[in-house]
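**Q** The opening residue of the sequence shown carries number 1 in UniProt numbering; numbering runs sequentially from there.
Glycine is no exception: its CB is placed at the ideal position from the N, C-alpha and C atoms.
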Amino acid sequence: MDELDRRILDILRRDARTPNTEIAAEVGTSEGTVRNRVERLVDEGVIERFTIATRTGNLKAMIEVTVAVDVDTNDVSELMSEWKDVDFVWQVSGEEDIVLVVDAADTRAVNDLITRAREHDDVKSTKTRLILDERLG
């Protein structure tokens, strides 16, 4: 990945719907070059998916999960990524092992996810943070 790829990715992170022609004009190359590079970045797994950010009025939260030392966090993360209302699952360093980023209808739905996580045999503890405001970088 070179500097041009990074510049293209920076634009797509802000708005994944930006037309290739606009990206090309901003980075100073042709639309075909942008299209080919985006396709290559998708094929190589650098771009995993194109998504949207929403302001649904829902409650957004991070549920931080600590698992037992002998547990494969990949397995737990994969399971939790399938849960309704879970937008992202991050494996992180620090006291917690996994962070669930959730977008739920209300506090009851967030609490249901917390309970579901705590009921998992491999989970030692959870910590929850409500997201009060969100800005794109």
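Could you check whether the segment 58-73 touches the segment 26-43, counting it as contact only if at least three pairs of C-beta atoms, one from each stretch, sit closer than 8 Å?
**A** The segment 58-73 vs the segment 26-43: no contact.
**Q** Thinking A68 and V102 are a contact (beta carbons under 8 Å), I'd like their distance in whole angstroms, please.
**A** With 8 Å as the limit, A68 and V102 do not qualify as a contact, their Cβ atoms being about 23 Å apart.
**Q** Tell me the rounded alpha-carbon separation between V99 and A16.
**A** Distance between the alpha carbons of V99 and A16 is about 24 Å.
**Q** Report yes if the C-beta distance between V46 and V123 is below 7 Å; otherwise report no.
**A** Taking 7 Å as the Cβ cut-off, V46 and V123 do not qualify as a contacting pair.
**Q** With burial defined as no fewer than 16 other Cβ atoms inside 10 Å of the residue's Cβ, what is the status of M1: buried or exposed?
**A** Exposed is the call here.
**Q** In three-state terms, what does DSSP make of D133?
**A** If DSSP states are grouped into helix, strand and coil, D133 belongs with coil.
**Q** Alpha carbon to alpha carbon, how far is N58 from A104?
**A** Straight-line Cα distance between these residues: approximately 6 Å.
**Q** Fully enclosed by the segment 22-80, which alpha helix (DSSP H) runs are 4 residues long or longer?
**A** Complete alpha helix (DSSP H) runs here, min 4: 31-43.
**Q** Tell me, to the nearest whole angstrom, how far the beta carbon of D5 is from that of L41; I am working on the premise that it is less than 8 Å.
**A** Confirmed, about 6 Å.
**Q** Quick one: residues in its chain with C-beta nearer than 8 Å to the C-beta of R116, no 5 flanking neighbours on either side, listed in chain order?
**A** So the qualifying residues of the chain are W83.
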